[in-house]
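Scroll down for the structure; my scribbles are underneath it.
In our numbering, the protein residues as written are 23 to 524.
See below:
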């Protein structure tokens, strides 16, 4: 059962807690279309802040934005066999282009005369249609590199939807680049991996492990895939972003060639990479609590909410003071921008407003009433911890900025401590199985693996745990030492990271 706020406690039912929070914090709703979601303004504001930060980072690394159609000819997906196999079961297909009124007056029906000559797939990802365009854009080494990003929606038919985490339609960015050499494409893939890691840790306050995916887990059609992996409060991994080195697979499938400096005709090398609105779900699952959303200040729609308390003429004086405080707080700024503020003038009780803004993740709550005003004071409370402090009104702007910095740092440190406390190393199969048994079992399990797909599949089948990544840098120096596979006992070159995952 839920608490007085209508949220099921995490310890009682984590999955229901998450759903309750998304609804109560007014982040998203389920749509009447099965598997889809309505992103509400408060949730979309978080995505907009994510977009803004990431878009700047992409442009700082030399990328530009473009847009490609959402409809992909079915034949395009047949050109790269591994790619289509990876997405075939998730594709939505358009077969007709027109409706007409039913003769019996019952409504509209699909016009059988409007069948498409070739079915169109609603993009599950855009490699195929983008590479068809690149074929006409690239002729010479002088045309390279092509470094394009697209902000778009995609459709992957999802039978078990979870708001933000898995929906049939979701929002994302997808980068698609073309290069003259393998090494240039590899440098690009790693550059974007670094961008994603920096965004996760510096904006989202989410510590991540960056590494390479196993062959079983890599992107369909990629040469290899890099990933960042986060740990949620229920001890599961969540893939927060991926960067794929595609080799020449798509260039060969779409015959994208260029004349090299040496005058040879060669296929280009490619990358693709993306993050999605799943990041909003990641943020919720890593930081939030039983009272609602906890958002890092850099991504919080409201960083400071001012709650005036009082009635009648006294309230008018308090509102005037609140307006002055808001002006000073905005002028103070934080992290290179204006502090996002809100004065809550709703005709609701102070207690209701306190709970509501705690639910919605306002970083700092500022309370001021007639008596506070007389004393030149106000009360501040941080969303992390909630302890109230008294502050002189003249100092409130500087104190708000100070508390935002403390909250940003505190959230990262709290999430890192959680991850470290739930990262374990095991050396035997019995230890490995035990690590994933029980109500609170899981976390990141670092163990040796013999490098074969067969062993990886057997481990997943028996424990539901998958290889999240082969870390680029060992989490501990000893992890890089050779050992024996936990399942087969065969030689292993290094430890890899296992977890149950969303």
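From the three backbone atoms N, C-alpha and C, an ideal C-beta is built for every residue, glycine too. For clarity, every value in this text was computed on a predicted model and none was experimentally measured.
Closest by C-alpha distance to residue i, when choosing among the options
i: residue 222; options: 235, 303, 257; result: 303
i: residue 95; options: 191, 46, 72, 114; result: 114
i: residue 498; options: 442, 521, 289; result: 442
i: residue 295; options: 353, 212, 327, 356; result: 212
i: residue 55; options: 319, 190, 524; result: 190
i: residue 281; options: 164, 358, 343; result: 164
i: residue 450; options: 509, 417, 337; result: 509
i: residue 134; options: 80, 128, 124; result: 124
i: residue 53; options: 309, 198, 183, 378; result: 183
i: residue 290; options: 260, 327, 168, 320; result: 168
i: residue 398; options: 369, 460, 344; result: 344
i: residue 251; options: 438, 57, 514, 476; result: 438
i: residue 428; options: 319, 261, 205, 200; result: 319
i: residue 92; options: 176, 85, 33; result: 176
i: residue 207; options: 384, 358, 73, 247; result: 247
i: residue 378; options: 153, 329, 73, 32; result: 329
i: residue 476; options: 270, 460, 236, 336; result: 236
i: residue 83; options: 199, 225, 130; result: 199
i: residue 334; options: 391, 317, 357, 73; result: 391
Cβ separation of residue i and residue j, assumed to be a contact under 8 Å, to the nearest whole Å
i: residue 552; j: residue 386; result: The chain is shown only over 23 to 524; residue 552 falls outside these bounds and no answer can be derived.
i: residue 382; j: residue 324; result: 7 Å
i: residue 519; j: residue 263; result: Wrong, their Cβ atoms sit about 16 Å apart, outside the cutoff.
i: residue 88; j: residue 151; result: Residue 88 to residue 151, Cβ: 12 Å. No contact.
i: residue 388; j: residue 347; result: 7 Å
i: residue 62; j: residue 71; result: No, residue 62 and residue 71 are not in contact; Cβ-Cβ is about 15 Å, not under 8 Å.
i: residue 489; j: residue 321; result: At roughly 30 Å, the Cβ-Cβ gap does not stay under 8 Å, so residue 489 and residue 321 are not in contact.
i: residue 506; j: residue 513; result: 7 Å
i: residue 458; j: residue 502; result: Actually they do not touch by this definition, with Cβ atoms about 24 Å apart.
Test item: CB-CB of residue i and residue j under 8 Å
i: residue 147; j: residue 196; result: yes
i: residue 527; j: residue 160; result: Only positions 23 to 524 of the chain appear in this structure, which leaves residue 527 out of reach.
i: residue 47; j: residue 315; result: yes
i: residue 524; j: residue 187; result: yes
i: residue 339; j: residue 395; result: yes
i: residue 495; j: residue 238; result: no
i: residue 293; j: residue 266; result: yes
i: residue 306; j: residue 43; result: yes
i: residue 38; j: residue 90; result: no
i: residue 351; j: residue 419; result: yes
i: residue 564; j: residue 400; result: Residue 564 lies beyond the stretch modelled for the chain, which goes from 23 to 524, so this question has no answer here.
i: residue 112; j: residue 179; result: yes
i: residue 327; j: residue 369; result: no
i: residue 194; j: residue 297; result: yes
i: residue 41; j: residue 185; result: yes
i: residue 276; j: residue 444; result: no
Residue i versus residue j: straight-line alpha-carbon distance, rounded
i: residue 243; j: residue 145; result: 16 Å
i: residue 414; j: residue 312; result: 31 Å
i: residue 464; j: residue 254; result: 10 Å
i: residue 257; j: residue 116; result: 40 Å
i: residue 470; j: residue 517; result: 4 Å
i: residue 216; j: residue 482; result: 29 Å
i: residue 23; j: residue 45; result: Confidence at residue 23 is low in this model, with a pLDDT of 42, below 50, so its placement is unreliable and the value that follows should be read with caution. Whole-angstrom Cα-Cα distance: 16 Å.
i: residue 273; j: residue 121; result: 38 Å
i: residue 467; j: residue 229; result: 16 Å
i: residue 157; j: residue 433; result: 46 Å
i: residue 106; j: residue 287; result: 27 Å
i: residue 203; j: residue 269; result: 9 Å
i: residue 166; j: residue 260; result: 34 Å
i: residue 118; j: residue 141; result: 8 Å
i: residue 402; j: residue 380; result: 13 Å
i: residue 371; j: residue 440; result: 36 Å
Beta-bridge pairing of residue i - partner residues as DSSP gives them
i: residue 51; result: 60
i: residue 433; result: Partner(s): none; residue 433 has no beta bridge.
i: residue 292; result: 200, 269
i: residue 17; result: As displayed, the chain neither begins before 23 nor continues past 524, which places residue 17 out of reach and without an answer.
i: residue 142; result: 95, 116
i: residue 413; result: 400
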